[in-house]
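When you read off a place in the sequence shown, starting at 1, and then add 21, the result is the number in the working numbering. Built from N, CA and C at the ideal position, the CB exists for glycine as well. Just below is one structure, and these are the notes that go with it.
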Amino acid sequence: MSSPHRTSQRQVGRALASSQNGTTTPGREHQRSRKGCPECRKRKIKCDERKPECGQCRRSGRVCRIIDSLFRPHTYSFLASSSSQRTIGLDTEAPSVERPRARTATPGSPPPQGGSDPIHSTARSLESRHAQDLYDDENALVDLSYHVGLAPPAEPSPQALVNTSIQHEQEAAGSGPLTNDSCTLLNATPESVDRDRYEIAFFLRYFSEEPGRWMDVCCDHPYFSEQVVILSSICPLVRYAAVALAAKQLGYMKKPECVVRQTQNHKSMLQAFSESSLDFLWYGAKYYDKAIQILAQQLSREERSTSHLSPYGVYQTGLTPQSNDLSLLGDYDSTATTLQVLAACMLCQYEDLSATMRAWSGHLHGIYKLLRPYLSDTMNIPTAVHVPQPMKAINAVYWFFALNDMLDGYVNKRNTRLDFRKICMWRRMGLPLDDSGNLMPSYIDEAHAETILFKALIRLMCQLVNSDMGNSVEWNAINEQFDRWQAILPLSFSSTITWPPLAGSDVAQQATPSELFIHESWFPRDVCAISMAFYHMGRMLLLIHRPVEAFLRSSHNNPDLLTAYHTLQQDLRRHAMEILAIARGAPNSTVRKYLLQPLYVAGRCLADTGERQELLGILQQIDDDLGVFTDYRQKDLSEEWGIPYKPAEKDIVP
């Protein structure tokens, strides 16, 4: 993200200074700070810029937000003003964001001035309600009123990770700089809480109901969609990462209003958003900036600007000179690391939405570095005492990472970071494997069988990505493992609702299936549908990369080589149509999100023009409905098929 210009900072300082009516001390010349904390700029005095608390604020007993000077303050925020505050007429500079398309007005446009601004009007109407009436029972999960101790949108000290009452007492007593303790508090002033807490509550609920569930695909007990919202009230890093992901997804959707809960408050906010000159992508970039800034400074343990760092650079700041591992000194804070890796997963999902491959891979690289201490056979990491269900948190992170690491390995044609040969590591994360790496069905708990089988398939896909498919021995070994995995599947992996109906039914007797129905499947459990999609994807990859000598040997059973090629094409199409059938069954958003790569591989194996066009339509519909960028997949398939590709019409902002 780009750093703010000094000229912009001087403009902000002058505007803030002009809005103050304070008096000056006689005989003393007050100098305006050019890069000081917001409080010193407001008071028109020189700031020594000491961190985490400047000398002026310490002596006057004010709350110092020196970290705000690292990025230019967000001068326009949703529901930012009240009737007692003055509107500052400044142009709003949008954070840098890579955006394939936009749905609404230009995010960099200045907000409307004066009382006609719909956002400010909504602010005044909502602000008139009592805090207890603002969030009713159905919104209780994301109630961010004062009693939950919500930290200010202005970033806390980089060492502050979660809020407790300790730091407030330290600041009141004029204590020293903040420590790296994960229980450090930075209480918010009422003005800063009012500024952003409505939009945070709005986006947090949506995160819990949509992208958070995507990230829980490998969990029997959801963690991201439930516990992250709880942690967000005490951890700014987690809060900003979750909000950024939710806002960006809404910004990429064609009709975001159709998926947001229609409570009274949400309706008011949606109306205000639609009438504002700032779109959801702007808010996603705003909170992504905040999260990246805090994460980089926590990892580096330094107070410095990090806006120029890429995701790769962010995690490099925490490396020791001796190794590529993050520092594990005596003051290692397991709570801080757990919260950091949770946030890193959400930032990774943020980049995945827009298919920014390098940034996505960069976050995966960082997640692996943060996660590596928990995967060591020798190191015993203490439990994160301030994180609810800490072992479930690490388990959720591990399997989210394993799935994305496998996809990253396939897309970028590289080995996965996780080694499928480390049996102890996979056992620790819940897979009952024997010493040879084979799944032991007798040790699978029936209550968690579907999830365990999906996890075993993820490991098997990692092995497939890492193996040399030109080696007949390796190819045969993986092919046999796919056979064993498929042989132990319970009935839940067989679609109970499949069209067309079975032969012999009344409907089937009245007309041929091709006249009434197309092949579609639906699974009661998401994990079963996703598992079968990846299973058929793996089978297609095995057929595509089958060693030449093995293919020629199999052709001996056919009259000629052409028949063998036709048999291969039929096998590929059969697996491709199974994936297409799952997509046709209109599964929920979680299944559709993870169908993207299987659909892409299936598309490469289709020869019928109608089926190809149907698959492109499915990809485009996922793009519109979920806000997941699929244009590059559609373009690649069209080029491979030799047909012209015309991108779908979008509301592109020049």
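| Asked | Found |
| --- | --- |
| Sorted by chain position, which residues of the same chain lie with C-beta nearer than 7 Å to residue 555's C-beta, five sequence neighbours on each side aside? | 478, 482, 619 |
| Determine the extent of the alpha helix (DSSP H) in which residue 599 is found, giving its start and end residues. | 582-605 |
| Should residue 546 and residue 471 be called a contact, given that it needs their Cβ atoms to be closer than 7 Å? | yes |
| For the beta strand (DSSP E) holding residue 541, just list the boundary residues, first then last. | 541-543 |
| Beta-carbon within less than 6 Å of residue 599's beta-carbon, same chain only, minus the 5 sequence neighbours each way: which residues are those? | 557 |
| Looking at C-beta atoms only, is the number of pairs between the stretch 262-281 and the stretch 301-317 that lie closer than 8 Å three or more? | yes |
| Could you give the distance in angstroms between the alpha-carbon of residue 490 and the alpha-carbon of residue 237? | 31 Å |
| Which of the three DSSP states, helix, strand or coil, is assigned to residue 661? | helix |
| Count the C-beta pairs between the stretch 242-258 and the stretch 611-631 that are closer than 8 Å, then say yes if the count reaches three, no if not. | no |
| Below 8 Å CB to CB, which residues in the same chain sit around residue 486 once its five sequence neighbours on both sides are set aside? | 427, 430, 431, 436, 437 |
| Apart from the five residues on each side of it in sequence, which residues of its chain come closer than 8 Å, Cβ to Cβ, to residue 464? | 453 |
| The alpha helix (DSSP H) spanning residue 567 covers which residue range? | Element bounds for residue 567: n/a, residue is neither H nor E. |
| Are residue 315 and residue 264 touching if we call contact CB-CB under 7 Å? | no |
| Would you call the CB atoms of residue 262 and residue 360 closer than 7 Å? | no |
| Assuming residue 652 contacts residue 668 under a Cβ cut-off of 8 Å, what Cβ separation, rounded to an integer in Å, is found between them? | 6 Å |
| Using C-beta distances below 7 Å, list every residue in its chain close to residue 384, excluding the 5 sequence neighbours before and after it, in chain order. | 332, 365, 368, 369, 372 |
| Under a three-way DSSP split, which group does residue 518 fall into? | strand |
| Along the alpha helix (DSSP H) that carries residue 358, what are the first and last residues, could you check? | 355-374 |
| Tell me, to the nearest whole angstrom, how far the beta carbon of residue 550 is from that of residue 612; I am working on the premise that it is less than 8 Å. | 5 Å |
| Near residue 645, what residues of its chain come up, given a Cβ to Cβ distance below 6 Å and the 5 sequence neighbours on each side ignored? | 275 |
| Measuring CA to CA, which of 605, 451, 562, 628 is closest to residue 587? | 628 |
| May I ask you to report which of helix, strand or coil DSSP gives residue 424? | helix |
| Is residue 223 near residue 290, with beta carbons less than 7 Å apart? | yes |
| Let me know if residue 565 comes out buried or exposed under the rule of 16 or more other beta-carbons within 10 Å of its beta-carbon. | exposed |
| Should residue 666 go down as buried or exposed, given a rule of 16 or more other Cβ atoms within 10 Å for buried? | exposed |
| Is it buried or exposed for residue 467, if we count other Cβ within 10 angstroms and need 16 for buried? | exposed |
| Alpha helix (DSSP H) containing residue 618: first to last residue? | 617-625 |
| For residue 583 and residue 573, I'd like the C-alpha separation in whole angstroms. | 11 Å |
| Is residue 195 buried or exposed, if buried means 16 or more other CB atoms sit within 10 Å of its CB? | Caution is warranted here: a pLDDT of 35 is assigned to residue 195, below 50, making its placement in the model unreliable, and no coordinate value can be reported. |
| Leaving aside the five residues before and after residue 659 along the sequence, list all residues of the same chain whose C-beta is less than 8 Å from its C-beta, in chain order. | 637, 665, 666 |
| Between the C-alpha atoms of residue 488 and residue 496, what's the straight-line distance to the nearest angstrom? | 8 Å |
| What did DSSP end up calling residue 208 once you bin it into helix, strand or coil? | Note that residue 208 has pLDDT 35, beneath the 50 cutoff, so the model's placement of it is unreliable and no number is given. |
| In whole angstroms, what is the alpha-carbon distance linking residue 259 and residue 398? | 28 Å |
| Hey, residue 458 and residue 444 are a contact pair by Cβ (cut 8 Å); roughly how many whole angstroms apart? | 6 Å |
| To the nearest angstrom, how far is it from the Cα of residue 378 to the Cα of residue 492? | 29 Å |
| Please report the straight-line C-alpha distance between residue 447 and residue 420, rounded to a whole angstrom. | 10 Å |
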